[in-house]
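Peer 1:
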Amino acid sequence: MYPQRKDVRAISWPAGFVVALLALLLAGCANKPVEVQHYTLPAATKVTQETDAEPLFVEITVNTADYLAAPGISYQTSEYRMESAYGHRWAGSLAEQLRRQLRDELLQQYPGYRFISGRGHGDDAAGDTFFLTVEIDEFHGRFDGVAVISGRWSLRDTQNNYLTGQNFFERIPQSEDGYEALVKSLAQGWRKTIGEINREIQALKAESN
Numbered sequence: 001m002y003p004q005r006k007d008v009r010a011i012s013w014p015a016g017f018v019v020a021l022l023a024l025l026l027a028g029c030a031n032k033p034v035e036v037q038h039y040t041l042p043a044a045t046k047v048t049q050e051t052d053a054e055p056l057f058v059e060i061t062v063n064t065a066d067y068l069a070a071p072g073i074s075y076q077t078s079e080y081r082m083e084s085a086y087g088h089r090w091a092g093s094l095a096e097q098l099r100r101q102l103r104d105e106l107l108q109q110y111p112g113y114r115f116i117s118g119r120g121h122g123d124d125a126a127g128d129t130f131f132l133t134v135e136i137d138e139f140h141g142r143f144d145g146v147a148v149i150s151g152r153w154s155l156r157d158t159q160n161n162y163l164t165g166q167n168f169f170e171r172i173p174q175s176e177d178g179y180e181a182l183v184k185s186l187a188q189g190w191r192k193t194i195g196e197i198n199r200e201i202q203a204l205k206a207e208s209n
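Heads up: the sequence shown at position 52 corresponds to 52 in UniProt numbering, and the numbers run straight through without jumps.
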């Protein structure tokens, strides 16, 4: 005679135990650290050129829109929504990175100029000082895979008279997905903008000679 199969009954857990178990599982997920990646705009290749001419000082100021003050890289997820990434951040102030790259790029073109921070230069600027101001309205990724840059810049003389300037508007497609590709596209767009600034300053110098 074959042994009889015993009935298998479902185990009934107390409701309080189930709630406590779920709470522990959720707490474990919530406490899991989020890996944060930091990104920086590539530095320009510095070229040191000596000159005996009296240096001309240019004070550079870069201001960004309020939403770009957040440490996270900004990304437009829809036509109406903008988000700041928590796990993908700028390695330091975005405005300062933009100003530093602008300064380094222009230094290569104008060895007789001395580009200084808009935060003040102390007693360094003994000669005349010109003022280059850049306002960044957009500097972010977009849901359709495009890096977006826009704003305006102006150059004023020592008496604060307007000399030249223009609006800029760049749309650079990403070569691939991901935040690193987005930063590369944003950097490419910023270099194009710096090139436009350089050409306008060159044209102004040619007119004044």
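Glycine included, every Cβ here is placed at the ideal spot set by N, Cα and C.
Bear in mind that the values here come from a model prediction, so they are computed numbers and not experimental data.
(1) For ALA56, list the residues DSSP reports as bridge partners.
(2) Among residues of its own chain, excluding the 5 on either side of ALA70, which ones have a beta-carbon nearer than 7 Å to its beta-carbon?
(3) Is ARG81 helix, strand or coil when you go by DSSP?
(4) Could you check the C-alpha separation between THR158 and PHE57 for me, to the nearest Å?
(5) Using 8 Å for Cβ pairs, my map puts THR40 next to ALA91. What's the rounded Cβ distance?
(6) How close, in whole Å, do the beta carbons of ALA95 and VAL62 come, if the pair is a contact with beta carbons under 8 Å?
(7) Buried or exposed: which applies to LEU204, given that a residue is buried once 16 or more other Cβ atoms fall within 10 Å of its Cβ?
(8) Please state the DSSP three-state secondary structure of VAL134.
(9) Can you check which of these residues, THR77, TYR75, GLY72 and HIS88, is closest to GLU35 by C-alpha distance?
(10) If we count Cβ pairs, one from each stretch, closer than 8 Å, do we get three or more for the region 133–142 versus the region 103–115?
(11) How long is the line joining the alpha carbons of ASP144 and SER175, rounded to whole angstroms?
(12) Provide the residue(s) that pair with PRO173 in DSSP beta bridges, ordered along the chain.
(13) By alpha-carbon positions, which one of ASP66, TYR67 and LEU98 ends up nearest to TRP190?
(14) Specify the secondary structure class of VAL34 as computed by DSSP and reduced to three states.
(15) Can you give me the Cβ contacts of PHE130 inside the same chain, cut-off strictly under 8 Å, excluding the 5 residues immediately before and after it?
(16) How should HIS140 be labelled, buried or exposed, when 16 other C-beta atoms within 10 angstroms of its C-beta is the threshold for buried?
(17) Could you pull the start and end residues of the alpha helix (DSSP H) that TYR179 belongs to?
Peer 2: From the atom records:
(1) Ala is not the amino acid found at residue 56; the sequence shown has Leu there. LEU56 is bridged to TYR113.
(2) The beta carbon of ALA70 is closer than 7 Å to those of SER84 in its chain, skipping five residues each way along the sequence.
(3) In this structure, ARG81 counts as coil in the three-state DSSP scheme.
(4) Distance between the alpha carbons of THR158 and PHE57 is about 10 Å.
(5) The beta-carbon distance between THR40 and ALA91, rounded to whole angstroms, is 4 Å. This is short enough to meet the 8 Å contact definition.
(6) Correct: roughly 5 Å between the Cβ atoms.
(7) LEU204 is exposed by the Cβ-count criterion.
(8) In the structure shown, the three-state DSSP call for VAL134 is strand.
(9) A check of alpha carbon separations from GLU35 across THR77, TYR75, GLY72 and HIS88 identifies HIS88 as the nearest.
(10) Too few Cβ pairs lie closer than 8 Å, so no.
(11) Answer to the nearest angstrom: the Cα atoms are 12 Å apart.
(12) Answer is VAL146, bridged to PRO173.
(13) Checking every option, the nearest Cα to that of TRP190 belongs to LEU98.
(14) Collapsing the DSSP output to three states places VAL34 in coil.
(15) Correct list, in chain order: LEU56, PHE57, VAL58, GLU59, LEU155, ARG156, ASP157, THR158 and LEU163.
(16) Buried, because 16 or more other Cβ atoms sit within 10 Å of the Cβ of HIS140.
(17) DSSP places TYR179 in the uninterrupted alpha helix (DSSP H) bounded by 179–208.
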